[in-house]
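Enquirer: The opening residue of the sequence shown carries number -4 in our numbering; numbering runs sequentially from there.
All C-beta atoms in this analysis are idealised placements derived from N, C-alpha and C, irrespective of residue type, glycine included.
Sharing a structure, written as structure tokens. Questions coming.
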Amino acid sequence: MTAISVVEGSAFAEVLKEERGLSFWGGVDAQTGCVIDQRSKLCGQSLTGKILCMPQSKGSCSSTGILLEMIRAGIAPSGFILCKAEGILAMGAVIGQELYGVDVPVYTVERENYDRIQDHQIMKMKQGKIYVFEKGEEL
């Protein structure tokens, strides 16, 4: 699947899909990487090492700081796939690359492609492309 790379990088991980926007400020615990927003279907799940798919993020620029702290602590998501490009998560990902040398790619896809993504799929994000794998399938 073709994507637009908002923040370059590559990731290979399990997908967690949220149908609504998720604010990292107040919605994610920066100490554990777990979703704490009670309205989210992902509440209680860890984002660490996962590719988080959602239509767009929500909330203020404070989410940038939460993502950056997660990158510093080694508990950030592996990447983001969004329908709508936005600066909040992208800024955290760019600063994380600069300060800590950690890639957390941020890609956008058309809504029809987003709708095809399923929770718990295994995906690889690389050079503006998204590859879908079955669990146990080799690269």
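Excluding the 5 residues preceding and the 5 following Q40 in the sequence, name in chain order all residues of the same chain whose CB lies nearer than 7 Å to its CB.
Expert: Contacts found: L11, C29, V30.
Enquirer: Per the DSSP calculation, M49 is bridged to which residue(s)?
Expert: M49 is bridged to L77.
Enquirer: With burial defined as no fewer than 16 other Cβ atoms inside 10 Å of the residue's Cβ, what is the status of L42: buried or exposed?
Expert: It is buried - the Cβ of L42 has at least 16 other Cβ atoms within 10 Å.
Enquirer: Go ahead and pull the three-state DSSP assignment for I112.
Expert: In the structure shown, I112 sits in coil (DSSP, three-state: anything other than H, G, I, E or B).
Enquirer: Where do the N-terminal and C-terminal ends of the alpha helix (DSSP H) with M65 fall, by residue?
Expert: Taken as a continuous stretch (DSSP letters only), the alpha helix (DSSP H) holding M65 covers 57 to 68.
Enquirer: Does the distance from the C-beta atom of G54 to that of I83 stay below 8 Å?
Expert: The answer is yes: Cβ separation under 8 Å.
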